[in-house]
Every structure is written in C-alpha cells, then in structure tokens.
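Peer 1:
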Amino acid sequence: MDSANIDQIIEKHRGKPGDLIHVLMEIQHQNHWLPRDVLHQVAAALDIPFSRVLRIATLYKTFSLTPKGRNEVQVCTGISCHLRGANKLLDAVQRVTGIKPGETDANWRYSVDTGSCLGSCSIGPEIIVNGTHHARMTPAKVEDVLKDYQ
Amino acid sequence: MTRLESAAELEHFRAGIVAARDPAKPCIAVCAGAACHGLDSARVAQAFRTEVGKLGRDAGLEVRVTGCHGYCEKGPNVVVGPDDVCYFEVKPEDAPEIVASTLKKAVVERLVYAHPDTGERAVHMGEVPFYKHQTRLLIGDNVRIDPMRIDDYLALGGYAALAKALFQMTPDQVLDEVKKANLRGRGGGGFPAGQKWETAKNAPGKDKYVIVNAHEGEPGAFMDRALFTGNPHKVLEGLIIGAYAIGSHRGFIYTRHDSPQLIRHIEQALAQAEEYGLLGENILGSGFDFRVEVHFDVGIFVSGESSALMRSIEGLPPEPRPKYIRTSVAGIWNRPSNLNNVETWANVPQIISRGAEWYAGIGTAGSKGTKLVSLSGNVVNSGVVEVPMGTPLRKIVYDIGGGIPGGKAAKAVHFGGPMGGSIPANLIDAPLDFDELAKLGAPIGAGGLLVMDEDTDMVDVARYFLEFLTNESCGKCVPCREGMRQTLKVLTNITKGKGRDGDIARLEDLNDVTGAACLCALGRTASDPLKSMLRYFKDEYETQIARGSEGKGGKAAGSAAT
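So the protein sequences, as listed, match chains A and B. The first sequence begins at 1 in this note's numbering and counts up one residue at a time. The second sequence begins at 1001 in this note's numbering and counts up one residue at a time.
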C-alpha cells in the first residue's frame, strides 16, 4: 500500500469524529494489516501521539499488527456453531494448515483466525475463506476446501 | 428526482409509485440474508436475472433481491409473489423451471415445503409451519423490499408515519404516544424507550444526539442484522421520528464493520432519504433538520455497551463508565444521547401510524408488541422468528422451530447469549415476556434463543460463554477482569475432570462479587448463565466435580436431562 493511497484515506476522514478509527479500519480492509511505518504516517497526519494510535490499534481486535497470509481462513466459534461441532472443525483446520488461530504459516499461504458469531448460525458450523462462506462443514471436508486456496 | 417539500408531495409521489406497479405481476424475491448469502444465493439471483432477461422487456415478471426472509435453515429462499409461493433450497439450475411455472401460474412441487414426517406439502407462506405461527410486523416486509430502493419502502407506506409526526403531532405528542405504547428497549435491558426519550428531551443542553445501536455482537443473535440489512428505511424512519420527539438534529448509527452488505444498504438508504428530502435540512418542508452519520465497531464486544459505544464514536477506546449519570443526560461529548437498539427504532413508525392503543393491544401486560428472535442451536428450523410478546417458548421451539433434530429430547433453552441464562426444558411453557423470563433467570436480552439437546454439556456451555466474555472484557475494572478469569479457571478445571470439592461454593462466591462490583453490564451479568445453571443443573456440576475429586480424570460427558 503506497503512502499516497494512505494520504487519500486520511483526507477522506479528517475532521470527522473518531477519524483515527475510520482511517485505521479502511487501511486494515485494504491492506489486511497495519505496518508500523503506516501507523507513524497516520499519527503524524492526524496530529495524534503515536502511543494513542498504538493503543487503538492494539485494543480493537480487527486490527492486525502482523502481516497476513494470502488466504484468510476464519472458523466461526459462535455458540450455535460451537454446539454443532466448531471445535472439531477448528482442530481439522489446524491440522491441515499446521497453524493455530492468530498465526500465519511460513509460506504465507494461510492465516487462521476464529470469529465469534458471524450471524449465519443456520448454516453452521462454517469456515470463511477470503470472505467466501463454506457452510455446514465437517472436519472431513476441510482438506478438500482448503486445497483450492494456493 | 426532486426533493419532496411537503407531506402532500410525499403522498402524491407515493401514489405515482403505486400506480406504476401492477400488483398482479409476479415478482420473484430471492433472499440475500446472511445465511442465504453464505449458501451462494447471489448465483441463484443471477440465474433468475439471466432467465428473465431472456424473455425480453415484457417479461411479465420481475426479480427482486431482498433481505432475510427468516427461514434461514432452508436457504437459499425464494418467494414468488403476489401469492407468496415459497421455494426452499433453490439452486441456480432451478431458475428456468421456476420462471416457466410462474408464467403459467403453476407451482414447482418438488421445491415447496414438505413436512419431514407426513410429507404434507405447503405452498404459500401462510401455510408453511415456520411462518404460519408468526406475526411478522417488522420483518414481514423484507420479502417485498429491495433494500437498495427507497421506492419499494415508499410503496408499502414508508415515511407516512414521519409525515404524520412532523405535521400532525407536536414532539410531546410523539413522545406521549411512545410512552403510552409502553415500547420497551429491545437491546437487552427492556428499559421503557419513552422514559429514556423523555430523560434526553428534558436534559439540559441544546445539542442532543440519537443513536442506533446496531452492534449485535452477541453470539447467536442475528435478527438486528436481518432487519437492518433487509429494511434499512424502517429503522431510519423510526430514528428521525425519535429525533423529532427528543429535539435532536444529529444521529449516529453504530454498526459492525464486517458486514459489507449491511454497510452498503445503510449508506444507500441515507443517500436516498437525503435526496428525497426525508433527511437533512428542512425535512419535507417542515423546518426540522436532522443528519445521520455511520460509525463502526472494529471488533470488540464491549463496544456494544452504551457508554463504551459512545467513547468509540468519539474515537477513544471503548471503556464503559459508571452510570450514576445516564448517557441520556451525558453521552457523546457529555451531551444528552439517546441510544436505542435497531429493533426498538423499527417499532416506532408503526406506533405513530397505527397508534399506541393498537400497539399496546399486542403482547402481555408488561411487554408489548412483537419480538424478533434468532432461533439457533439444536433445532430443526433455525432462523429469524417474529412473534407477539407472551408467546410460549414451546410454540417457538416446536411449532415454528420444528423441535429437536435427530429425534432427541430438548434439555434446555438459553436466552440472551453470554449475559443471559438457561432454563430447563420442563419450563418451556414460559411466555416470551421480559419480566417472566427474567424471574426464571433467562432474561430475553437481545433475543437470541438457543436450543440445547439432551447431549449438551451444561458445564461446557457456561465455560464457553465465560471464555468469550473474558476475551472481550475491556479490562478497565478489576472485578470483571480478574473475577471472570478466576471463574473461568474453575470451570475449565471442572470440564477437564479436575474439579475439586468446594468448587460450587467458590463459583457462587465469585458470582456474588462480579455481580455486585463490576462497572458495566458486561461484568455484572457475565455470571448470569452460570447462576442459571447452578439453579437448574446443579447436579450436573456436582457429578462432573465428583469425577474430578475421585481422581478418575477425563472429560466428563453431560449427565442425563433433568
């Protein structure tokens, strides 16, 4: 993500209430993580102490301070999916990818995360890869689904 | 489109929309709610568009992509108007057959509802058991509305309540109407909305704010998203009426960042309402100004708590504050800020247009109107349900929900997510009522109803909810941060077969402290699921602890249903 792009995002939100959160959210959506130099740029542009930018960036769970893999795998662990076997699904995802929630593998192929209730309880348990839902999953189907994401 | 400058212009414009539409023309409504979307309903919609496109301009039927229909379990859902023929689990390759049959006024028998036991078919929405027992005042319009088109909402009488409030009622009369209707907050507390509005209205200060809480972070709750995504103008109309009553000129919508469809619909609704002169300066020529901005939760549960939410809008970390002074007196930037949940606001237009008396005629003595319920867990038909207050839970779980899958028995129903409670299956005749359910220890909360079958391990469920909240606590106050962690430790040990004698007393002790000393509702009610389980399922806890104390180890399975 280049610095002009980031300036553009900053200008779009400058002066609004909570502009810092809006700016960080948009950068996160586009870039999938918040590099340190970007946070410095945001702090300087909005005239906010870097420590406050870091506080917001580390408190809200959506913000990632580490890079993500090419494919973001999310396992829903909401209560309904939990009752329908999300734990076993998560085990299978960990086995196939070799990483735990919050981690990214060495080849930058996958990042795995858990998400609590994505609002589509009727089709759980599910995993969401790069925004695409894979509904009514079973542990056995995990390998088949993930192999298509290179 | 020019701005509408008066109530008469609105009615004239509405009449134009209605006149241009042929009520007998078939309309294929494809659901794009969260679950159907997850089942790839976008491809289904595309298939219908292609098929209808082939027929040319005078196709004689139209395709509409709508919000959630409700019956999420059997998605992707398709409803064909004007007779509301319901098709379930529709695949893209079914589109040609449905289009051809619709043109011949026939029904595709293989795609309609068939009762799982008797095989009896139900073709129309009013006959399908899932819909038949509901009263769909709020969510029912979803089938008829493309959320991206304000004209669809206007065609159904949208914004007539706003015009009525602005031109035929004073702000005090609007407030009185909401108070008389006894509308109670749908977000969790059940606090009377009119009373809250009055506090904000009478609070000192010129600048006042109104807020839609569309955070909905509770696991197992998805009805607000279904309503707001599917019919954003209904919520917006309620908000503008509320702002008029309170004397506010600035509103905020606080919602989730991770639902692109919802955000798109809200932004489109705001833009279209402004274009039509229903929002912004001099609304409908009445002299009343009101603007709305959208803010986002970026992934923390506690920011759904009112005072934390307001900090988040200010751009600060979402930490709650003690509420000796209510947020309706000192909220965003310490100005009076009236916050209501999505569903609460959505109830306002119908109270204004049909009157408090009509509204108060629905429901029970203390709980009026209908309630949206997200039905999920071990239940045959999960989805979004709307029933009058006072409906027995049995009706929701069995008549609408179709009972428990796999021929199993129900063990408990849980209301209110991680801050709610469970009641055993033998109390399932209890009515859906704020006060009755709170007495039983399962407060309605936002309306997430979770059904649990006989195999459910109740210790694990309490542990699950507590783990969720432990991760979501903001950490500002010690009783919440440390109390939950210690409770979670004890519970985790029990589920691992490492329970010890005295664990129940330890849990009760911890519950007493967190329940009394935490700063906000998240901490104070975090122990509620556990309290309800110790009330109804204590023997299950004792059995699992006993296994630990005997040193047998291993994860104990749940005991038989009580």
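Beta carbons: idealized from backbone N, C-alpha and C, even for Gly.
1) Using a Cβ-Cβ distance under 8 Å, would Y1464 of chain B count as near chain A?
2) Does the segment 1350 to 1367 of chain B touch the segment 1431 to 1450 of chain B, meaning 3 or more C-beta pairs lie closer than 8 Å?
3) Would you call S1248 of chain B buried or exposed, if buried means 16 or more other Cβ atoms sit within 10 Å of its Cβ?
4) Could you check what DSSP says for D1539 of chain B in three-state terms: helix, strand or coil?
5) What residue range does the alpha helix (DSSP H) around S1353 of chain B cover?
6) Between I1313 of chain B and chain A, is the shortest Cβ-Cβ distance under 8 Å, so that the two count as touching?
7) Is it right to say K1104 of chain B is buried, meaning 16 or more other beta carbons lie within 10 angstroms of its own, or is it exposed?
8) Looking at the structure shown, is T1002 of chain B part of a helix, part of a strand, or coil, going by DSSP?
9) Pick out whichever of B:D1503, B:D1117, B:I1396 and B:L1154 has its Cα sitting closest to the Cα of Q1544 of chain B.
10) Runs of 3 residues minimum, wholly inside the segment 1480 to 1515 of chain B: which ones carry the beta strand (DSSP E) assignment?
11) Across which residues does DSSP place N1426 of chain B in a beta bridge pair?
12) Which residues mark the beginning and the end of the beta strand (DSSP E) in which P1388 of chain B is found?
13) Quick one: does S51 of chain A have its CB under 8 Å from some CB of chain B?
14) Establish whether the CB of C1480 of chain B and some CB of chain A are separated by less than 8 Å.
15) Give a yes or no on whether the minimum CB-CB distance between P1322 of chain B and chain A is below 8 Å.
16) Between P1529 of chain B and chain A, is any beta-carbon pair separated by less than 8 Å?
17) Report the start-end ranges of each beta strand (DSSP E) in the segment 1249 to 1301 of chain B that is 3 residues or longer and not cut off at the edges.
18) Is C1520 of chain B helix, strand or coil by DSSP?
19) Using C-beta distances below 6 Å, list every residue in its chain close to R1136 of chain B, excluding the 5 sequence neighbours before and after it, in chain order.
20) From I1017 of chain B to A1008 of chain B, what does the alpha carbon distance come to, in whole angstroms?
21) What are the start and end residues of the beta strand (DSSP E) that includes L1309 of chain B?
22) Who are K1206 of chain B's beta bridge partners in DSSP?
23) Using beta carbons (cut-off 8 Å, strictly below), is R14 of chain A in contact with chain B?
24) Going by C-alpha distance, which of B:F1048, B:G1056, B:E1062 and B:A1035 is nearest R1021 of chain B?
25) Thinking C-beta only, is L90 of chain A closer than 8 Å to V75 of chain A?
26) For the segment 1063 to 1074 of chain B, enumerate the residues whose C-beta is nearer than 9 Å to any C-beta of chain A, in chain order.
27) For G1238 of chain B versus N1347 of chain B, is the C-beta spacing smaller than 8 Å?
28) Could you give the first and the last residue of the continuous alpha helix (DSSP H) run that contains M1567 of chain B?
29) At 9 Å on the CB atoms, spell out the chain D contacts of H40 of chain A, in chain order.
30) Would you mind telling me which residues of chain A sit closer than 8 Å to L1564 of chain B, beta carbon to beta carbon, in chain order?
31) Quick check on the DSSP output: the beta strand (DSSP E) that includes N71 of chain A runs from which residue to which?
32) Take M1223 of chain B as the anchor and find which of B:G1067, B:P1147 and B:Q1272 has the nearest alpha-carbon.
33) Please report the Cβ distance between I1283 of chain B and I1240 of chain B, rounded to the nearest whole angstrom; I am assuming they are in contact, meaning their Cβ atoms lie under 8 Å.
34) Using 8 Å as the Cβ pair cut-off and three pairs as the minimum, do the segment 1171 to 1185 of chain B and the segment 1306 to 1326 of chain B touch?
35) Report the option in A:I79, A:V53, A:S51 and A:A57 whose CA atom is closest to the CA atom of E1467 of chain B.
36) On the DSSP bridge list, what partners appear for P1431 of chain B?
Peer 2: On the basis of the supplied data:
1) yes
2) yes
3) buried
4) helix
5) V1342 to R1354
6) yes
7) exposed
8) coil
9) B:D1503
10) none
11) Looking at the DSSP assignment, N1426 of chain B forms no beta bridge with any residue, so it has no partner.
12) G1383 to P1388
13) no
14) no
15) no
16) no
17) 1250 to 1256 and 1291 to 1297
18) coil
19) E1386
20) 14 Å
21) No beta strand (DSSP E) holds L1309 of chain B; the alpha helix (DSSP H) holding it covers S1306 to E1314.
22) DSSP, once it has assigned bridges, lists no residue as partnering K1206 of chain B.
23) no
24) B:E1062
25) yes
26) Y1071, C1072, E1073 and K1074
27) yes
28) Here chain B covers residues 1001 to 1562 and nothing more, so residue 1567 of chain B does not appear.
29) The structure shown contains no chain D; its protein chains are A and B.
30) The first residue shown for chain B is 1001 and the last is 1562, placing residue 1564 of chain B beyond what the model contains.
31) N71 to C76
32) B:G1067
33) 7 Å
34) no
35) A:I79
36) B:P1392
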